[in-house]
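A.B. asks:
Protein chains: 2
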Amino acid sequence: MDISEIIHQRRAVRLYKKDIPDDSEITKMLEAARWAPSGLNNQPWRFLVIKDSLQKNGLAEFTKYSDTIKSAAALIVVCMDVTDSYNRDKDLMAIGACIQNMLLMGHSLGLATCWLGEILNRKEDAGKYLNLDKDLEFLAVIAVGYSAVDTQSLDALRKPLESLMLKNSDVFKEEF
Amino acid sequence: MDISEIIHQRRAVRLYKKDIPDDSEITKMLEAARWAPSGLNNQPWRFLVIKDSLQKNGLAEFTKYSDTIKSAAALIVVCMDVTDSYNRDKDLMAIGACIQNMLLMGHSLGLATCWLGEILNRKEDAGKYLNLDKDLEFLAVIAVGYSAVDTQSLDALRKPLESLMLKNSDVFKEEF
Chain Y
1200 MDISEIIHQR RAVRLYKKDI PDDSEITKML EAARWAPSGL NNQPWRFLVI
1250 KDSLQKNGLA EFTKYSDTIK SAAALIVVCM DVTDSYNRDK DLMAIGACIQ
1300 NMLLMGHSLG LATCWLGEIL NRKEDAGKYL NLDKDLEFLA VIAVGYSAVD
1350 TQSLDALRKP LESLMLKNSD VFKEEF
Chain W
1200 MDISEIIHQR RAVRLYKKDI PDDSEITKML EAARWAPSGL NNQPWRFLVI
1250 KDSLQKNGLA EFTKYSDTIK SAAALIVVCM DVTDSYNRDK DLMAIGACIQ
1300 NMLLMGHSLG LATCWLGEIL NRKEDAGKYL NLDKDLEFLA VIAVGYSAVD
1350 TQSLDALRKP LESLMLKNSD VFKEEF
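Order-wise, the sequence lines are chains Y and W.
Residues in the first sequence are numbered consecutively from 1200, following the numbering used here.
Residues in the second sequence are numbered consecutively from 1200, following the numbering used here.
1) Please state whether DSSP places Y:Val1281 in a helix, a strand or coil.
2) DSSP state of Y:Ile1219, grouped into three classes?
3) If we count the other Cβ atoms within 10 Å of its Cβ and call it buried at 16 or more, is Y:Asn1300 buried or exposed?
4) Examine chain W for any beta-carbon lying closer than 9 Å to the beta-carbon of Y:Asp1251, and answer yes or no.
5) Decide if W:Pro1359 is buried, meaning its Cβ has at least 16 other Cβ atoms within 10 Å, or exposed.
6) Does the beta carbon of Y:Phe1375 come closer than 9 Å to any beta carbon on chain W?
7) With 9 Å as the threshold, decide whether the Cβ of Y:Gly1309 is near any Cβ in chain W.
8) Taking only the alpha-carbon atoms, compute the straight-line gap between W:Trp1314 and W:Gly1295 and give it to the nearest angstrom.
9) As a quick exercise: from W:Leu1291, W:Gly1326 and W:Met1292, pick the residue whose alpha carbon is nearest that of W:Glu1260.
10) Tell me whether the beta-carbon of W:Pro1236 lies closer than 9 Å to the beta-carbon of Y:Ala1211.
11) Return the chain-ordered ranges of every beta strand (DSSP E) run that is complete within the segment 1335 to 1359 of chain W and spans a minimum of 3 residues.
12) Taking 6 Å as the limit between beta carbons, can you name the residues of its chain near Y:Ala1180, skipping five residues before and five after?
13) Beta carbon of Y:Gln1351: closer than 8 Å to some heavy atom of the ligand PLP?
14) Keeping to the same chain, check which residues put their C-beta closer than 8 Å to that of Y:Ile1225; ignore five residues upstream and five downstream.
15) For the segment 1242 to 1272 of chain Y, list every residue whose C-beta sits within 9 Å of some C-beta in chain W, in sequence order.
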């Protein structure tokens, strides 16, 4: 698969088979994450891997997407180490880049993933449940497994590129 | 190049040759950006492409990395449409994922890029210069061109994966 296929074919998958990915594949996702760019190369990301059913079920209590969390073979909790943070906006974007590396690597390995954000509505509770150090901010859960559903093309749900482009002639209308 | 090579070999490049990438290559980067994941699929990203030297030189006034901006063949200004935003933290992470798609696609096409964040110190001024609508928040400039420098492996500048991992036994020490 080339990068274009990987980017276009990756989908959020919310239901997984019982098969368990090899630890080496999770490690490849984490290695990919580690190579994301960050401002001042501060690499503020930290990761916690959860595979134990009891732990997954406990974390599932903090989101309405509990079925996805329980169904996943593994969860990668992504945190920011605030002691490494220097600009919250840039650090959040860097962590988004880091997560995208993970998702793309996972897809290229034949794994399905879901970036769960709704759980942030209870991030403090979830962080307490995980006994996260006070310097660690809970920012995302990435569910990982083998897809149990057929994913479809969702072109219709994407804004066309034209609607995302700011016209240069508009923004520079006074100068040019 | 497979995705792992692309992720590991991409580097921030701050000096470019005079050669100009074809518009179709910039479009491929923007198309890749468009397929990033976002919370509620809100796709809050917007893009402005700048190729004109006068415009580049004008924007270069707002950052100490003016040489990179002036040297780049093209700039992609990345904004958030705040009318599409529903959770700032999640939207910033989504925009980071969107930028990472751009950088990876660029690298796979043989283009060099630099994600410029320092200019955010003067984001309001830069946004005014670009005549950005009040609903558009200036979040990044991506410089694009053909590299004029030899990039080296920077393994030594990366935190080892082990230091990024939160130990499950620690965080669950009370439960398990």
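Virtual Cβ for every residue (Gly too), placed ideally from N, Cα, C.
Here the structure is a predicted model, which means the values were calculated and not measured.
C.D. replies: Concretely, from the data shown:
1) helix
2) coil
3) buried
4) yes
5) exposed
6) Bear in mind that the predicted position of Y:Phe1375 carries a pLDDT of just 36, short of 50, making it unreliable; the figure below should be weighed with that in mind. Cβ-Cβ to chain W under 9 Å: yes for Y:Phe1375.
7) no
8) 10 Å
9) W:Gly1326
10) yes
11) 1335 to 1344
12) With chain Y running from 1200 to 1375 in the structure shown, residue 1180 of chain Y is simply not present.
13) With respect to the ligand PLP, the structure shown offers nothing to examine, as it has no ligands at all.
14) Val1248, Ala1273, Ile1275 and Val1343
15) Gln1242, Trp1244, Arg1245, Phe1246, Leu1247, Val1248, Ile1249, Lys1250, Asp1251, Leu1253, Gln1254 and Gly1257
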